[in-house]
Amino acid sequence: MAYHTDFSQCQKRRQIRCNSEDDQSTKQFRRRRDQSQKKLRLKSTCRQVGALAETALKKKSPSLVSPIVFGGFNFEQDSSDVIIRLPCPDLVQFPEQKTLYEAVAMAYLAQYTTIAIPTLFHHTSSSDVRPTLVLQHIESARDMSDALAIPNQDPEETPSPNQEGDIIAAIGWEFTYVAPEQFSLDPPWWLLLEAPEMWSKGIDDWAETYNERLDTWLLVLEDTEKSANGKSEYKLSSYMRESWSSGRFWLNYAARKSWAFDTIYWKFFGPGEAVDKDSYWKIRVKFLGEEGKRKTDSLCKERWRRQKIVS
Numbered sequence: 001m002a003y004h005t006d007f008s009q010c011q012k013r014r015q016i017r018c019n020s021e022d023d024q025s026t027k028q029f030r031r032r033r034d035q036s037q038k039k040l041r042l043k044s045t046c047r048q049v050g051a052l053a054e055t056a057l058k059k060k061s062p063s064l065v066s067p068i069v070f071g072g073f074n075f076e077q078d079s080s081d082v083i084i085r086l087p088c089p090d091l092v093q094f095p096e097q098k099t100l101y102e103a104v105a106m107a108y109l110a111q112y113t114t115i116a117i118p119t120l121f122h123h124t125s126s127s128d129v130r131p132t133l134v135l136q137h138i139e140s141a142r143d144m145s146d147a148l149a150i151p152n153q154d155p156e157e158t159p160s161p162n163q164e165g166d167i168i169a170a171i172g173w174e175f176t177y178v179a180p181e182q183f184s185l186d187p188p189w190w191l192l193l194e195a196p197e198m199w200s201k202g203i204d205d206w207a208e209t210y211n212e213r214l215d216t217w218l219l220v221l222e223d224t225e226k227s228a229n230g231k232s233e234y235k236l237s238s239y240m241r242e243s244w245s246s247g248r249f250w251l252n253y254a255a256r257k258s259w260a261f262d263t264i265y266w267k268f269f270g271p272g273e274a275v276d277k278d279s280y281w282k283i284r285v286k287f288l289g290e291e292g293k294r295k296t297d298s299l300c301k302e303r304w305r306r307q308k309i310v311s
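Counting along the sequence shown from 1, when you hit position 49 you're at 49 in my numbering, and nothing is skipped either side.
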């Protein structure tokens, strides 16, 4: 039995404005990450992965594939029978939940939809190699990224991974989630490529620039809708325009992106210019219950203790 591993990184690469304590945290994170990756490259760890495959599939003699590639697939030529997915320690937050949710999503889709899903042979939230998924390996001529990158391809052709033109399986459910339909009716934030909370000139400038690009986007979308065969009274362009003009875009954006919530909330839904920014925390405290206030006090003391150590 041949197998390959996918050490899933699931790491968001973002520019972070750090203070001195954040710098120390980043250094500690990188040190733990490097130590974890060294451990994952050990033959002993790979043998544990092989032993897990033997137990899960009741087959013997799995072969070791090297070198190990993180965030990718480690094949032995094209003869792999299964994929063993393992979240990278110290890179993936809440790896047990992540693995369980991915397994549940695949099982649900396999049972209730016609989406092609690889067979899930085994999953566990704890083992000698931490949480794992053991999946069927699907042979394919190419993946969707390769298909989309084909030059001079007919835009009407639906890209697909195999020679017959069929999508044979959908893998990598770690990035899926269930959300309100309304999220798909908002205009895309990526028209400027840079996220609003990362815009160097601030959110006001981002919104002004975005508004210009959005007009172009909606004009093209409206032309496409007019030329479409269907005469639906529900136009996506209308929903997107209303979402932006009403401010629902920002509400949904903050709901979807936790790291942007604070910036978006205080800009569009907070107390406004009448309250000094240095007093925002006082307003926040009023929203907390007694237990929340106690935990906040404990957290502040711990942060202060760490700051003294760093200093």
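We put the CB at the ideal spot given by N, CA and C, even for glycine.
- Annotation: the continuous alpha helix (DSSP H) that includes Gln48 extends over Lys43 to Leu57.
- For the pair Met240 and Leu219, the CB atoms are not nearer than the 8 Å cut-off.
- Boundaries of the beta strand (DSSP E) harbouring Arg85: Val82 to Pro87, taken from the DSSP string.
- A contact between stretches requires three or more CB pairs, one per stretch, nearer than 8 Å, and the segment 98-107 meets this requirement with the segment 126-139.
- Taking a 10 Å sphere around the C-beta of Asp276, we find fewer than 16 other C-beta atoms and assign the residue as exposed.
- Taking a cut-off of 8 Å on C-beta distances, the segment 178-193 touches the segment 241-255, as three or more cross pairs fall below it.
- CA-CA distance, Asp215 to Leu221, rounds to 10 Å.
- Leu91 places its beta carbon less than 8 Å from that of Arg33.
- In this model, Trp199 and Leu251 are separated by some 18 Å (Cα to Cα).
- Taking the CA atoms as reference points, Gln24 sits about 28 Å from Lys282.
- The alpha-carbon of Leu120 is positioned some 25 Å away from that of Ser44.
- Taking Lys267 as the centre and dropping the five residues before and after it, the same chain places the C-beta of Ile203 closer than 7 Å to its C-beta, in chain order.
- Every alpha helix (DSSP H) of 4 residues or more that sits fully in the segment 202-244 is shown, in chain order, as 203-227.
- Around the beta carbon of Glu197, 16 or more other beta carbons lie within 10 angstroms, which makes this residue buried.
- DSSP, read as helix, strand or coil, puts Thr124 in strand.
- In the three-state scheme derived from DSSP, where H, G and I count as helix and E and B as strand, Thr113 is classed as coil.
- The Cβ-Cβ distance between Pro89 and Ser36 falls below 8 Å.
- Beta bridge pairing from DSSP links Val134 with Ile84 and His122.
- Here Arg305 has no same chain residue with a Cβ atom under 8 Å from its own Cβ, once five neighbours each way along the sequence are excluded.
- DSSP places Tyr265 in no alpha helix (DSSP H); its state is neither H nor E.
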